[in-house]
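Colleague: Structure incoming, see below.
Number of protein chains: 2
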Amino acid sequence: MEHGGFLSYKKKDEVLIDFSSNINPLMTPKGLKKALSASFDNLLVYPDIRYRSLKKITAKYLKCGCENIVLGNGAVEIIDNFCSLFKRVIVFTPSFSEYGLRALVHKKPLIEIPFLSDFSPDIEGLEKKLRTGDLLILGNPNNPTGLRIEKNTLLQIYAIVKKADAFLLLDEAFYEFCPPDYDSISLFKKDGYKNLCIIRAATKFFALPGIRLGYACTSPETVSALSKIEIAWHINAFAEAAAPAIFFDEDFIKKSKAHIQKERDFLLENIEKYGTSGEIKLKAYKSHCNFILLKVLNAKDEDALKFFEKRGILIRTCCSFKTLGDNHIRIAVRSHKDNCKFIKAISSKNSK
Amino acid sequence: MEHGGFLSYKKKDEVLIDFSSNINPLMTPKGLKKALSASFDNLLVYPDIRYRSLKKITAKYLKCGCENIVLGNGAVEIIDNFCSLFKRVIVFTPSFSEYGLRALVHKKPLIEIPFLSDFSPDIEGLEKKLRTGDLLILGNPNNPTGLRIEKNTLLQIYAIVKKADAFLLLDEAFYEFCPPDYDSISLFKKDGYKNLCIIRAATKFFALPGIRLGYACTSPETVSALSKIEIAWHINAFAEAAAPAIFFDEDFIKKSKAHIQKERDFLLENIEKYGTSGEIKLKAYKSHCNFILLKVLNAKDEDALKFFEKRGILIRTCCSFKTLGDNHIRIAVRSHKDNCKFIKAISSKNSK
């Protein structure tokens, strides 16, 4: 199944509510359109090849130094560049399929370590398999499981990575959706981000998948190593112009976080309550994120897809995520109205 | 020296006219801003991961099939992907420095063959050095020399490339600025673009360096090989939205071509006439393009840079282009008014 978009997905004459794409339902900050229109003339010049202004603004948002900033044509480009720099790539499964894909493009051996049954990282397995020169890519929170790595576990993993002289690439594209626990950029500041990089992106939280703006925080040495392989002018002028309009809209950021927390709880509580009362029986896993992984208890993911489609809802089947098999689906946290429709669909035996 | 932008370059309190950046002086087509404002909502969805609509529009503009289209985050990304696919990279020198840079990033041996003294390709040299699995990258017209490859020479090169089972990557980013001679996309249609790819871009002719839109025409087999290594969602939503607004503005295309032809002739004639009468003595090389390579006869390129800066003009020194040494500069064809200022600067002994 192809990657869905955020807006309602049209199937024949019917409009489906898209629960498959995990993007902020509050959409983009209000000031963005104005900022982009104003930047029109910037298209007529080459972007600053060093992206000095964009790096400065991003550093202010992430609360790190300019010299720590890496930019990408989306987070995927940063992941890709990292894969090219290291000997082998290690991932926990299930996780975002692009990690493994980019490793294979660069012909790097890919080592997959299954998460434990509660989807926490298998520390012993990692310790056994990790070697010098390895790149460990870890979603935090992880997609599709939706879990943050606990602070102590993360510190433990970092210690293992440093000991092996490997590298830890944290993909935190969904960071802002999570309850406040710890900020890895602040947590690893004292280590100078050695053997470590933390990726974030405008794609999910600022609902801008089309603008292609990924950014990351790492050591100046790693910034320099990446700069040698980055493609010239890889960030477009609109992404450059968007940054100041989105990063400092505190009202948008606050409202988005509150909305997701409230609606995630609403969905989890109601799936717990009604998930096994309808035709399709579902069990929700815990989530820290703006999406929820569900186990389909009495059918396959494809059956669930059809079931929800009939009820005007598009969900994400998870068979493409390794180790999940054919009985998991993922849904996004959307508006309260949309979320109610989802709950109605699972709870009513007679719906449609 | 860093890559210049198109708009006037400000130095202290002084505004320099930028002859260093070779972008269409007629700027972008008029309908673009409207098309981009209208596309704002598309930022909220992921671009189509297969870019079907953009490929269709690009194929229509290039007059080839959709199945022949490759897209890039600028032409440089396409060049980069090609470098990763082949064993060695061959370039003629002097040429665009990114060719060699991208080869080195992918750790591919780089073979440099100097152009002959009239800047035409050294066919014998190529025949001797080309091997199976090589990628030959050739600017057509070439930057900074500004020359199109003659049709028969190009056919000869293609025959050599096919015989060796190598690959010819034509970088035609400046194609639309050239006098109508032949269209390589039409010329190689009968060959099905086997062992061949023709790159073009919105950057120069449509004056959109910030939007990052490169495109190319090649065989479906090569399209498929590239698709396996391309980064997901590498083209941003604005580039997608811009294509229909720029490709079919025939009035803009016609006026731009006519302007460049007329003003290139104006510059060449007047440099011929006055080039050796002033303080800095210049000889212009022939050009088919929107820029002109000049030899500085009585000084170094850095002296010429200072000379022109004092007269409110920014030129491009060419010492970064291999084989040109330190006595060449490049200027862009600009508006008639700006071009007159350039001629005035070279012809007047008493200017400033």
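From first to last, the protein sequence lines are chains D and U.
All letters in the first sequence, in the order written, are residues 1 to 352 by my numbering.
All letters in the second sequence, in the order written, are residues 1001 to 1352 by my numbering.
The beta-carbon is built from N, C-alpha and C at its ideal position, and this holds for glycine as well.
At what residues does the beta strand (DSSP E) containing D:His328 begin and finish?
Modeller: If you number the first sequence from 1, residue 328 of chain D lands on position 328. Counting along the chain, the beta strand (DSSP E) containing D:His328 begins and ends at His328 to Ala332.
Colleague: For D:Lys33, which residues in chain U fall below 7 Å Cβ to Cβ?
Modeller: By 1-based counting over the first sequence, the position of residue 33 of chain D is 33. Ordered by position in chain U, the residues that pass the 7 Å Cβ test against D:Lys33 are Phe1040.
Colleague: With respect to the beta strand (DSSP E) encompassing U:Asp1134, which residues constitute its N-terminal and C-terminal limits?
Modeller: Within the second sequence, residue 1134 of chain U is the residue found at index 134, counting from 1. Per DSSP, U:Asp1134 belongs to the beta strand (DSSP E) from Asp1134 to Gly1139.
Colleague: Checking contacts by CB at 8 Å: is D:Ile199 closer than that to chain U?
Modeller: Sequence index remark: in the first sequence, residue 199 of chain D carries index 199 (1-based). False, the Cβ-Cβ gap to chain U never drops below 8 Å.
Colleague: Please report the straight-line C-alpha distance between D:Pro244 and U:Ala1103, rounded to a whole angstrom.
Modeller: If you number the first sequence from 1, residue 244 of chain D lands on position 244. If you number the second sequence from 1, residue 1103 of chain U lands on position 103. Computed Cα separation, rounded: 35 Å.
Colleague: Which word fits D:Asn236, buried or exposed, when buried means at least 16 other C-beta atoms lie within 10 angstroms of its C-beta?
Modeller: In the first sequence, counting from the first residue as 1, residue 236 of chain D sits at position 236. Buried, because 16 or more other Cβ atoms sit within 10 Å of the Cβ of D:Asn236.
Colleague: Could you have a look at D:Thr153 and say whether DSSP puts it in helix, strand or coil?
Modeller: Here residue 153 of chain D refers to the residue found at position 153 when the first sequence is read from its first residue. Of the three classes helix, strand and coil, the one that applies to D:Thr153 here is helix, per DSSP.
Colleague: To which residues of the same chain is U:Asp1220 closer than 6 Å at the C-beta, ignoring the five residues directly before and after it?
Modeller: Here residue 1220 of chain U is taken as the residue at index 220 of the second sequence, counted from 1. For the sequence presented, residue 1220 of chain U should be read as Pro rather than Asp. Cβ neighbours of U:Pro1220 beyond the five flanking positions: Glu1067.
Colleague: Tell me whether U:Glu1112 sits in a helix, a strand or coil according to DSSP, three-state version.
Modeller: For the purposes of this step, residue 1112 of chain U is taken as residue 112 along the second sequence, with counting starting at 1. Correct three-state label for U:Glu1112: strand.
Colleague: For U:Ser946, go through chain D and note every residue whose CB falls closer than 7 Å to its CB, in chain order.
Modeller: For chain U, the structure presents residues 1001 to 1352; residue 946 of chain U sits outside this window and is missing.
Colleague: Please report how far the alpha carbon of D:Leu110 lies from the alpha carbon of D:Leu213, in whole angstroms.
Modeller: Taking the first residue of the first sequence as position 1, residue 110 of chain D is located at position 110. Taking the first residue of the first sequence as position 1, residue 213 of chain D is located at position 213. Taking the straight line joining both Cα atoms gives about 26 Å.
Colleague: Any C-beta of chain D within less than 8 Å: which residues of the segment 1200 to 1234 of chain U qualify?
Modeller: Ala1207, Leu1208, Pro1209, Gly1210, Ile1211, Arg1212, Lys1228, Ile1229, Ile1231, Ala1232, Trp1233 and His1234
Colleague: Give the interface partners of D:Pro47 over in chain U, defined as CB-CB distance under 7 Å, in chain order.
Modeller: Here residue 47 of chain D refers to the residue found at position 47 of the first sequence. Chain U residues near D:Pro47: Gly1210.
Colleague: Ignore the nearest five residues each way along the sequence and tell me which others in U:Leu1130's own chain have a CB closer than 8 Å to its CB.
Modeller: In the second sequence, the residue the question calls residue 1130 of chain U occupies position 130. Counting only Cβ-Cβ distances below 8 Å, and skipping sequence neighbours, we find Ile1090, Leu1136, Ile1160, Val1161, Ala1164 and Ala1166.
Colleague: Whose C-alpha, out of D:Glu240, D:Thr222, D:Lys194 and D:Trp233, is nearest the C-alpha of D:Leu208?
Modeller: Walking along the first sequence from the start, residue 208 of chain D turns up at place 208. Measuring from the Cα of D:Leu208, the nearest candidate turns out to be D:Glu240.
Colleague: Which residue wins for smallest C-alpha separation from U:Leu1036, given the options U:Arg1200, U:Ile1211, U:Phe1177 and U:Ala1201?
Modeller: Here residue 1036 of chain U is taken as the residue at index 36 of the second sequence, counted from 1. It is U:Ile1211.
Colleague: Rounded to a whole number of angstroms, what is the C-alpha to C-alpha distance between U:Leu1226 and D:Leu126?
Modeller: For this step, residue 1226 of chain U is matched to residue 226 along the second sequence. For this step, residue 126 of chain D is matched to residue 126 along the first sequence. C-alpha separation (whole angstroms): 33 Å.
Colleague: Work out the CA separation of D:Gly192 and D:Ser20 for me, nearest whole Å.
Modeller: As a first step, residue 20 of chain D is located in the first sequence; it is residue number 20 there, counting from the start. As a first step, residue 192 of chain D is located in the first sequence; it is residue number 192 there, counting from the start. For D:Ser20 and D:Gly192, the distance between alpha carbons rounds to 37 Å.
Colleague: U:Leu1293 to U:Ile1017, Cα distance in whole Å?
Modeller: Counting from one through the second sequence, the residue named residue 1293 of chain U turns up at place 293. Counting from one through the second sequence, the residue named residue 1017 of chain U turns up at place 17. Rounded to whole angstroms, U:Leu1293 to U:Ile1017 spans 18 Å at the Cα level.
Colleague: Using 8 Å as the cut-off, can you tell me whether the segment 57 to 74 of chain D makes contact with the segment 267 to 284 of chain D, which would need three or more C-beta pairs spanning the two stretches below that distance?
Modeller: Contact fails: fewer than three Cβ-Cβ distances are below 8 Å.
Colleague: From this set, D:Pro94, D:Pro180, D:Gly74 and D:Tyr99, which residue's C-alpha is nearest D:Ser84's C-alpha?
Modeller: For the purposes of this step, residue 84 of chain D is identified with residue 84 of the first sequence, where counting begins at 1. If we check each option's Cα against that of D:Ser84, D:Tyr99 comes out closest.
Colleague: Going along the chain, which residues of its own chain have a beta-carbon closer than 6 Å to the beta-carbon of D:Pro180, five neighbours each way excluded?
Modeller: Numbered from its first residue, the first sequence carries residue 180 of chain D at position 180. Once the five neighbours on either side are set aside, D:Pro180 has no close Cβ partner at all.
Colleague: Going by other Cβ atoms of all chains shown within 10 Å of its Cβ, with 16 needed for buried, is U:Ile1049 buried or exposed?
Modeller: The residue you call residue 1049 of chain U lines up with position 49 of the second sequence. Exposed is the call here.
Colleague: Checking 8 Å against the spacing of the C-beta atoms, do D:Asn81 and D:Asn290 come in under that value?
Modeller: As a first step, residue 81 of chain D is located in the first sequence; it is residue number 81 there, counting from the start. As a first step, residue 290 of chain D is located in the first sequence; it is residue number 290 there, counting from the start. Contact: no.
Colleague: What are the boundary residues of the beta strand (DSSP E) that U:Tyr1356 is part of?
Modeller: No information on residue 1356 of chain U is available, as it lies outside the stretch 1001 to 1352 that chain U covers here.
Colleague: Find out if the Cβ-Cβ distance for the pair U:Phe1252, U:Pro1029 is shorter than 8 Å.
Modeller: Taking the first residue of the second sequence as position 1, residue 1252 of chain U is located at position 252. Taking the first residue of the second sequence as position 1, residue 1029 of chain U is located at position 29. Cβ atoms of U:Phe1252 and U:Pro1029: closer than 8 Å.
Colleague: I'd like the list of long-range same chain contacts for D:Asn298, defined as Cβ closer than 6 Å, with 5 residues on each side in sequence excluded.
Modeller: The residue given as residue 298 of chain D occupies position 298 in the first sequence. Cβ-Cβ distances below 6 Å link D:Asn298 to Lys281 in the same chain, with the five nearest sequence neighbours on each side left out; the list follows chain order.
Colleague: For D:Phe92, which residues of its own chain have a beta-carbon under 6 Å away from its beta-carbon, when the five flanking residues on both sides are left out?
Modeller: Your numbering for residue 92 of chain D matches position 92 in the first sequence. Taken in chain order, the residues that qualify are Ile113, Phe115 and Pro121.
Colleague: Helix, strand or coil for U:Lys1295 per DSSP?
Modeller: Against the second sequence, residue 1295 of chain U aligns to sequence position 295. Of the three classes helix, strand and coil, the one that applies to U:Lys1295 here is strand, per DSSP.
Colleague: Name the chain U residues that come within less than 8 Å of D:Asp171, Cβ to Cβ?
Modeller: Position 171 of the first sequence holds residue 171 of chain D. None at all; the shortest Cβ gap to chain U is about 14 Å.
Colleague: Determine the contact status of D:His328 and D:Asp301, defining contact as a CB-CB distance below 8 Å.
Modeller: Start at 1 with the first residue of the first sequence, and residue 328 of chain D comes out as number 328. Start at 1 with the first residue of the first sequence, and residue 301 of chain D comes out as number 301. In this structure, D:Asp301 lies closer than 8 Å to D:His328 by Cβ.
Colleague: Could I get the ranges of all uninterrupted beta strand (DSSP E) runs contained in the segment 240 to 314 of chain D, with 3 residues as the minimum, in chain order?
Modeller: 282 to 284 and 291 to 296
Colleague: Who are D:Thr323's beta bridge partners in DSSP?
Modeller: To locate residue 323 of chain D, count along the first sequence from 1; it is residue 323. Under DSSP, D:Thr323 takes part in no beta bridge, so it has no partner.
Colleague: Which of the three DSSP states, helix, strand or coil, is assigned to U:Leu1169?
Modeller: The count along the second sequence starts at 1 and reaches residue 1169 of chain U at position 169. In this structure, U:Leu1169 counts as strand in the three-state DSSP scheme.
Colleague: List, in chain order, every chain D residue whose beta-carbon is nearer than 9 Å to that of U:Glu1077.
Modeller: Numbered from its first residue, the second sequence carries residue 1077 of chain U at position 77. Identification of chain D residues near U:Glu1077 by a Cβ-Cβ cut-off of 9 Å yields Asn73, Ile231 and His234, ordered along the chain.
Colleague: Looking at U:Val1105 and U:Ala1216, is the spacing between their C-beta atoms short of 8 Å?
Modeller: On the second sequence, residue 1216 of chain U is found 216 positions in, with the first residue counted as 1. On the second sequence, residue 1105 of chain U is found 105 positions in, with the first residue counted as 1. Contact flag unset, no.
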